[in-house]
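Chains as they are written, first to last, in the numbering used here: chain R, 3 to 392; chain Y, 3 to 392.
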């Protein structure tokens, strides 16, 4: 049995980045860049007006004749005398002869001429060519997360394809003779199988859209055979159930017989203690406890960071939140506790119903309060650190 | 022109919940419940062992004969004498004659009998029927957000279908003769169109997967005609570009001629001032500025909360984050400023490059620092409130 901090460390150390792939920028949200991107163009590609107004050459004059128009999309390089200006619109090309744009609000205009009421500074309202980025400058370093803004920036430079780390293919293997699919009739002694659909939803929050679910009977032979197939095809395997100490738990044995290397088994925590973590080549195997709330806890603590790490993300843990406790919290068992909690702008409340079988509490929680194994109690009003799970 | 706080209020007041639909629990992640859900079963449906161990009737005896086995999934209601116990596994049915389970770690066992070394309390390790939830008790109130845990809880009760608020159908209308699709050749005076792909990515972060993009020429007739069609089919319409004061901006006119009610036009903010917000029946229309960074700012401040509100979410704004400023911030213009910023565990840095055309800053920011119009300066070290945008 190892401590939680060590277990987290081992998971991180073994979560190797996925191979790279080319992907359309359109579909790249949530992926991580695997290459440094240089700008193929100057942005803006020409001197651009930042305002609707009039372009002219800055001087002591306040009156100018209007000799043309430049709309966004135009590229007529109108020749201007020092006494002349053109009507110009936001985003439009500024002719080479003009150096300044005056906002239309600061001008008295008739059809043929303007009188500038408030003279702007020289060069005002003209965006220099390449102001935002020059050709061949670095757009993004490798390992940048692709956000909506990053997609917009790549697109505005005309970039349509980038190289990113692939998302891991994930399989969920469900064991347990007691399990019945929701929607079917619940016979005596059976319960509905809910972990696979719950874990699939959890994976979706990290952008893993499709997860294959396999079901096997609760015996060594079936489990071993299924694992043999699955280990060939997937980058991350979640096994639900069958990992505690009972005689009827064959999962660990089936893993070892498939040459999966044990990296740890059992963590000094509550809930979620009976967890196995192993690897075979670069594939990671998490055998999670069958209890739904334990399973989901370990999903958030171990699996989600591993998924993010394999996707190339550098920030694989959610930013912690600090809040004041609304009640005392005791830890009498010397294990790390993960307590379902709900925080608001200032406080955090540890919820009733922390049993490892209970999902209802989890469904109303927005965070886990982590009480390390060496902390015996927190007191009401104390600031504590939370892991958000929303 | 109105203040930001008023604009936010108007958007909220007009963002009416979508109609409801039945949906498979499997696909319900991120949706909001439109009905109260009652449990169709007791959970657990029978008295369940919480441990691997032995079930017996609690007494002063420490020695028991083993007369059978109950595995998870079994339902053999073995008769037990006071001197008898059965081998039992986590999740398995506890026979009516037993009231207590002793963990196997606390027992010395041979094939036929056990000696309990550490006697548990009476009723220990037995989960009562209906402990988590009883039949007909409330599972979730209406308006609950469907998280992975909620999906797990619904599934474990055998629920496969729920009633939720629909997601809004969103269209993006792009105007601007200066725009060229990324991947095409960039002619002089033109720029690449990036707002639609950026806004689509932003909508994806709220679970709006498919967004139709329409493109029209920069004139009243085309814009009016396109809007007529789009207004019939969509719940939210984003218009990109064409809303500032220039003569060539036809969007507002096209909206009004299509009987869109103006709710506000122009907000006292920087960037993002030239924005129009209106409605026609329950459809919301946001005409966003053409500048990419302005467009994305207003997307986060106004559009995303409206989308969430229409989906039935009660928390439509991200939880604010409070951090210490690494530099002074001045607001000399009497407008609300939205400054691209990056925060870590303790501090926040306002980034260089706040121009409304610049997306590169946005791509490395993880938050917006909101400086209200009536605040003239924040000083280095001061705690300020941020809107996270990750």
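Backbone N, C-alpha and C define an ideal beta-carbon position, used for all residues, glycine too.
Quantities reported herein were computed from a predicted structural model and do not represent experimental measurements.
Any beta carbon from chain R within less than 8 Å of residue 192(Y)'s own beta carbon? Taking Cβ atoms only, chain R reaches closer than 8 Å to residue 192(Y), which makes this a yes.
Rounded to whole angstroms, what is the Cα-Cα separation between residue 355(R) and residue 209(Y)? Counting only the Cα atoms, residue 209(Y) lies some 30 Å from residue 355(R).
Using the rule of at least 16 other Cβ atoms within 10 Å of the residue's Cβ for burial, across every protein chain shown, is residue 360(R) buried or exposed? When all chains shown are included, residue 360(R) counts as buried.
Could you pull out every residue in the same chain whose Cβ sits closer than 7 Å to the Cβ of residue 60(Y), ignoring the five residues on either side in sequence? The answer, listed in chain order, is 101, 102, 124.
Nearest-angstrom Cα separation, counted from residue 293(R) out to residue 225(R): Going from the Cα of residue 225(R) to the Cα of residue 293(R) covers about 19 Å.
Classification of residue 147(Y) by the beta-carbon crowding that lies within 10 angstroms, buried from 16 upward: Its Cβ being crowded by 16 or more others within 10 Å, residue 147(Y) is buried.
Could you tell me whether the Cβ of residue 287(Y) comes closer than 8 Å to any Cβ of chain R? Not closer than 8 Å to any Cβ of chain R, the Cβ of residue 287(Y) fails to qualify, so no.
Which residue from 64(R), 242(R), 97(R), 154(R) puts its Cα closest to that of residue 200(R)? If we check each option's Cα against that of residue 200(R), 242(R) comes out closest.
Counting only C-beta atoms, is residue 27(Y) closer than 8 Å to chain R at any point? Contact of residue 27(Y) with chain R is assigned, a C-beta pair being separated by under 8 Å.
For residue 85(R), the three-state DSSP class (helix, strand or coil): Correct three-state label for residue 85(R): coil.
Compare the beta carbon distance of residue 398(Y) and residue 20(Y) with 8 Å and say whether it is the shorter of the two. This structure cannot speak to residue 398(Y), because chain Y is shown only from 3 to 392.
Under the DSSP definition of a beta bridge, which residues are partnered with residue 282(Y)? The partner list for residue 282(Y) (beta bridge, DSSP) reads 285(Y).
Identify each residue in the region 129 to 147 of chain Y for which the Cβ-Cβ distance to at least one residue of chain R is less than 9 Å, and report them in chain order. Residues of the region 129 to 147 of chain Y with a C-beta less than 9 Å from any C-beta of chain R: 129, 133, 134, 135, 141, 142, 146, 147, listed in chain order.
Taking any Cβ of chain Y, which residues in the region 73 to 94 of chain R have a Cβ under 7 Å from it, in chain order? For the region 73 to 94 of chain R, which is checked against every Cβ of chain Y, the residues closer than 7 Å are 73, 74, 75, 76, 77, 91, 92, 93.
Have a look at residue 46(Y) and residue 299(R) and give me their C-alpha separation to the nearest angstrom. A straight line joining the alpha-carbon of residue 46(Y) with that of residue 299(R) spans about 20 Å.
Strand pairing of residue 143(R), partner residues [DSSP]: Answer is none; residue 143(R) lacks a bridge partner.
Whole-angstrom C-beta distance between residue 73(Y) and residue 179(R), which should lie under 8 Å: Correct: roughly 7 Å between the Cβ atoms.
Roughly how many angstroms lie between the CA atoms of residue 269(Y) and residue 92(R), to the nearest whole one? Spanning the two alpha carbons is a distance of roughly 18 Å.
So residue 363(Y) is in the alpha helix (DSSP H); what residue range does that whole segment cover? Counting along the chain, the alpha helix (DSSP H) containing residue 363(Y) begins and ends at 362 to 366.
Selection from 192(R), 152(R), 301(R) that minimises the alpha carbon distance to residue 392(Y): Its Cα nearest to that of residue 392(Y), the residue 152(R) stands out among 192(R), 152(R), 301(R).
Assuming residue 258(R) is part of the alpha helix (DSSP H), what are its boundary residues? Its alpha helix (DSSP H) spans residues 253 to 259.
For residue 304(R), name the three-state secondary structure that DSSP assigns. For residue 304(R), the secondary structure class from DSSP, reduced to helix, strand or coil, is helix.
Find out if the Cβ-Cβ distance for the pair residue 134(Y), residue 54(Y) is shorter than 8 Å. Judged by beta-carbon spacing, residue 54(Y) lies beyond the 8 Å limit of residue 134(Y), meaning their Cβ atoms are not closer than that value.
Taking CB distances under 8 Å as the criterion, tell me whether residue 196(R) reaches chain Y. Look at residue 196(R): its C-beta is under 8 Å from a C-beta on chain Y.
So which residues on chain R does residue 162(Y) lean against when the C-beta distance must stay under 8 Å? For residue 162(Y), the residues of chain R that pass the 8 Å Cβ criterion are 184, 185, in the order they occur in the chain.
Under 8 Å between C-beta atoms of residue 234(Y) and residue 260(Y): No Cβ-Cβ contact shorter than 8 Å links residue 234(Y) with residue 260(Y).
Strand pairing of residue 376(Y), partner residues [DSSP]: Residue 376(Y) is not bridged to any residue.
What are the residues in the region 193 to 227 of chain Y lying within 8 Å of chain R by C-beta distance? Answer in chain order: 193, 194, 195, 196, 197, 199, 200, 201, 202, 203, 204, 206, 207, 220.
Between residue 340(Y) and chain A, is the shortest Cβ-Cβ distance under 8 Å, so that the two count as touching? Included in the structure are the protein chains R and Y, with no chain A among them.
Taking C-beta to C-beta, are residue 378(Y) and residue 333(Y) nearer than 8 Å? Less than 8 Å separates the beta-carbon of residue 378(Y) from that of residue 333(Y).
When you compare the CB of residue 154(Y) with every CB in chain R, is at least one pair closer than 8 Å? Closer than 8 Å: yes.
Please confirm whether residue 256(Y) and residue 306(Y) have their CB atoms less than 8 Å apart. No. Outside cutoff.
Between residue 318(Y) and residue 310(Y), which are expected to be in contact by the criterion C-beta below 8 Å, what is the C-beta distance as a whole number of angstroms? Contact holds; Cβ gap of about 4 Å.
With distance defined between alpha-carbon atoms, name the residue in 98(Y), 366(Y), 240(Y), 145(Y) nearest to residue 278(Y). Distances from the alpha-carbon of residue 278(Y) to those of 98(Y), 366(Y), 240(Y), 145(Y) put 240(Y) closest.
Cβ atoms of residue 184(Y) and residue 157(R): under 8 Å apart, would you say? Contact flag set, yes.
With which residues is residue 45(Y) paired in a DSSP beta bridge? According to DSSP, residue 45(Y) bridges with 135(Y).
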